[in-house]
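Asks:
2 protein chains.
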Amino acid sequence: MRHVDVLIIGGGPAGISAAIWCKRLGIDCLLLEEQSQLGGQLFNIFNEIVDYPGMRTKNGIEMQREMVKHFVEMDCLYEVNTKVLFIDERSKTVKVKKQAKKQEICYTYLILATGSSQRKLGVSGEQQMIDRGEVYSASADGERLKGKTVAIIGGGDRAFEGAHLLSSKAKEVYLIHRSTRFKAREQYVERVISNPGIKVMTDTEVTAIHGNRHVTSIDLESKNKEYKNLLVDAVLIRLGVAPNVDLIKGKVATAQNGLIVTDDVHQSSNPFIYAIGDACTTPLFSSISSSAGQGTIVAKHISSLLTES
Amino acid sequence: MRHVDVLIIGGGPAGISAAIWCKRLGIDCLLLEEQSQLGGQLFNIFNEIVDYPGMRTKNGIEMQREMVKHFVEMDCLYEVNTKVLFIDERSKTVKVKKQAKKQEICYTYLILATGSSQRKLGVSGEQQMIDRGEVYSASADGERLKGKTVAIIGGGDRAFEGAHLLSSKAKEVYLIHRSTRFKAREQYVERVISNPGIKVMTDTEVTAIHGNRHVTSIDLESKNKEYKNLLVDAVLIRLGVAPNVDLIKGKVATAQNGLIVTDDVHQSSNPFIYAIGDACTTPLFSSISSSAGQGTIVAKHISSLLTES
């Protein structure tokens with residue numbers, strides 16, 4: 000069975016940083032990425048990146064290119080299209096699948112850099128909409144959504160900010176939330192509620208998204224069981240993010256919000272398993288630079304453990 | 000009196016990152032730097048920087064240029080040549096001096112990004128040597144030290160690594176340490192002790208460095224009061240680093256190693272004073288990327304406090 004001193008799951012900024020540092024410190028390390036390219040959530044950043052000190056890029060893809068170039072130039076070992084199916088923390092082994100081929104890899108230390116994902120509604124038509132590429136950024140897609148009827152689903156900052164941004168571009172904006180309580184900051188809520196261009200619908204859930212080539216309408220169900228079909232051209236789902244921790248559930252301690260609990264060197268409750276990046280960082284503090292910083296700390300810490308032993 | 004929401008002391012990577020993030024988050028922020036240029040310890044990195052994900056630079060100065068360019072393009076407010084003389088944490092005011100001009104600045108939150116400094120011997124001739132630019136990197140200055148007699152002072156990893164690196168280049172290498180116990184890793188010590196090209200002198204202190212235009216010799220005093228003058232061409236002082244915390248001593252909690260104690264959002268024992276970078280980070284975990292990451296966290300945290308209030 001293949002053995003590595005450090006196995007990293009996830010090739011976003013946190014995992015890339017950990018791998019670069021492992022290489023730099025002479026640690027035998029392998030990074031696994033499920034997608035066909037490294038970069039993780041960098042692919043979802045459509046705006047200019049101005050907050051990674053020393054480097055400004057037009058968008059996430061440009062940052063991804065620079066990070067991957069660095070990673071490859073450092074000769075870091077990695078596998079893409081490789082899905083981790085199972086972590087056996089007792090035998091310190093992971094089962095992975097690359098296309099049809101399955102294999103097992105044994106580790107001394109495991110670093111979870113699995114990131115987070117946008118929460119989904121889980122309703123019919125949603126995945127088809129995403130697969131068709133009908134995924135919008137409120138700040139970057141104002142032109143694409145000009146004159147359209149747009150539904151934004153959620154009750155947090157991003158939902159309210161999105162509604163506000165699009166109200167000057169779109170024909171109609173609906174903000175739909177399943178409760179009457181909003182998580183968003185008060186000033187965001189006030190700005191939206193006082194905006195006559197935005198219709199706020201509370202106590203309302205989206206039960207289906209319709210449309211074959213593009214979204215045409217959504218089904219709504221109110222708390223008191225009223226049903227309605229609303230004609231819309233675009234749906235922006237803004238339900239917040241959830242850490243990708245399914246693989247490790249029950250095997251390390253997680254907080255109520257799902258985040259993996261780690262100490263100051265990013266060790267989890269299992270001393271051979273570490274977590275970095277959005278899998279253990281509250282969305283408020285999530286950033287490329289803090290992810291990169293965490294990758295550094297964890298590699299340096301593991302290096303000191305490997306040297307001692 | 001001038002007031003800012005966030006006052007940052009220190010313009011190395013940690014301070015630069017905090018300032019960029021403050022700007023990004025719309026926080027009224029001012030950064031003060033004692034030296035004539037921003038960059039802090041970046042000026043002491045003579046090797047290629049390969050461990051800041053996404054950006055590789057030939058040396059610290061190239062990294063400094065990129066970071067300062069970013070900082071300036073973001074229109075971050077700063078003052079160079081500005082020394083903080085005193086922090087009055089009760090009135091939340093600092094006294095600063097720029098050339099002859101003194102002023103007071105009032106803050107809501109203070110971020111200490113004062114970094115760390117190489118420990119010095121504190122003997123005559125040492126500062127003159129440093130002022131003449133006789134400061135060497137064992138890894139980068141092999142050619143400059145070729146055929147010379149070199150004394151390395153210290154008992155830690157960097158002293159032993161330096162002795163090992165230079166033993167193949169220099170004519171003679173002395174490793175001089177005031178005790179018989181070494182802090183360096185065992186394998187580093189073994190490699191040096193078994194190297195016939197390196198003379199290890201223990202229980203020995205350096206009491207003076209001589210030379211007018213360049214170093215010519217050093218005075219040594221052994222534990223049993225034997226005195227000796229040793230002819231050398233270069234002295235590398237490798238006594239480790241100490242955090243720059245004089246300004247804040249007694250005002251916030253510090254650990255035994257001098258580091259400012261902070262929590263996970265980098266708040267010190269005073270809720271209005273934060274610390275980031277080498278002022279609060281053990282040298283083992285010190286890096287540009289972790290400093291940048293810490294600057295991000297602290298700015299995001301303070302932003303959430305300012306928004307709540």
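Chains P and A are the protein sequences, given in the same order.
According to numbering that gives the first Met the number 0, the first sequence holds residues 0 to 308 in order.
According to numbering that gives the first Met the number 0, the second sequence holds residues 0 to 308 in order.
By construction, the Cβ of each residue, glycine as well, lies at the ideal position given by its N, Cα and C atoms.
Identify which residue in A:R177, A:E142, A:T179 and A:Q186 has its Cα closest to the Cα of A:E160.
Replies: Ranked by how close their Cα comes to the Cα of A:E160, the residues A:R177, A:E142, A:T179 and A:Q186 have A:Q186 in first place.
Asks: Buried or exposed for P:Y226, please, with buried defined as at least 16 other CB atoms from any protein chain shown within 10 angstroms of its CB.
Replies: exposed
Asks: Using CA coordinates, which residue listed in P:I301, P:A13 and P:K91 is at the minimum distance from P:F70?
Replies: Answer by Cα proximity: P:A13.
Asks: Suppose you measure from the CA of P:L145 to the CA of A:I110; what does that come to, to the nearest Å?
Replies: For clarity, residue 145 of chain P is Lys in the given sequence; the question names Leu instead. Taking the CA atoms as reference points, P:K145 sits about 43 Å from A:I110.
Asks: For A:G114 versus A:D277, is the C-beta spacing smaller than 8 Å?
Replies: yes
Asks: Can you list, in chain order, the stretches of the beta strand (DSSP E) that have 3 or more residues and sit fully within the stretch 64-93 of chain P?
Replies: Those beta strand (DSSP E) runs which fall completely within the stretch 64-93 of chain P and span 3+ residues are 76-78 and 81-87.
Asks: Please identify the residue among A:P282, A:A274, A:L305 and A:I197 whose C-alpha is closest to the C-alpha of A:G294.
Replies: A:A274
Asks: When the Cα atoms are used, what is the spatial distance from A:V191 to A:S116?
Replies: Taking the straight line from one Cα to the other gives about 26 Å.
Asks: Compare the Cα-Cα distances from P:R89 to each of P:V49, P:V95, P:T81 and P:F271 and report the closest residue.
Replies: P:F271
Asks: Name the chain P residues whose beta carbon is nearer than 8 Å to that of A:M128?
Replies: Near A:M128 there are no residues of chain P at all, since even the closest Cβ is about 31 Å away, more than 8 Å.
Asks: DSSP state of P:Y187, grouped into three classes?
Replies: helix
Asks: When you compare the CB of P:V49 with every CB in chain A, is at least one pair closer than 8 Å?
Replies: yes
Asks: Rounded to whole angstroms, what's the CA-CA distance from P:K101 to P:K94? Just pull it up for me.
Replies: 7 Å
Asks: Contact between the stretch 131-138 of chain P and the stretch 286-300 of chain P is defined here as three or more beta-carbon pairs at a separation below 8 Å; is this criterion met?
Replies: no
Asks: Report the CB separation of P:I296 from P:H265 in whole angstroms; it is logged as a contact under 8 Å.
Replies: Indeed, because the Cβ distance is near 6 Å, the residues count as touching under 8 Å.
Asks: At 8 Å on the CB atoms, spell out the chain P contacts of A:T306, in chain order.
Replies: R184
Asks: Report yes if the CB atom of P:V214 is closer than 8 Å to the CB atom of P:M128, and no otherwise.
Replies: For P:V214 and P:M128, yes; Cβs fall inside 8 Å.
Asks: What residues match up with A:T203 in a beta bridge as DSSP calls it?
Replies: A:S221, per the DSSP bridge assignment.
Asks: What does the alpha-carbon distance come out to for the pair A:S290 and P:E220?
Replies: 49 Å
Asks: Give the residues of chain A in contact with P:Q40, contact being defined as C-beta atoms less than 7 Å apart.
Replies: The premise fails here: P:Q40 is roughly 14 Å from chain A at the closest Cβ pair, so nothing lies under 7 Å.
Asks: Does the count of Cβ pairs from the stretch 13-31 of chain P and the stretch 27-46 of chain A closer than 8 Å reach three?
Replies: Cβ pair count under 8 Å is below three, so no.
Asks: Any contact of the stretch 279-286 of chain P with the stretch 246-261 of chain A, i.e. 3+ C-beta pairs under 8 Å?
Replies: no
Asks: Under 8 Å by Cβ, that's how I've got P:T203 and P:R177 pegged, so tell me the actual separation to the nearest angstrom.
Replies: 7 Å
Asks: Cβ closer than 8 Å: which chain P residues qualify as neighbours of A:R55?
Replies: Residues of chain P passing the Cβ test: H69 and E72.
Asks: Just confirm the distance between the C-beta atoms of P:I151 and P:V3, as a whole number of angstroms; I'd bet it's less than 8 Å.
Replies: About 44 Å separates the two Cβ atoms, so there is no contact after all.
Asks: How about P:G292: is its C-beta nearer than 8 Å to some C-beta of chain A?
Replies: yes
Asks: Figure out for me which residue from P:I8, P:I217 and P:K22 has the closest Cα to the Cα of P:N228.
Replies: P:I217
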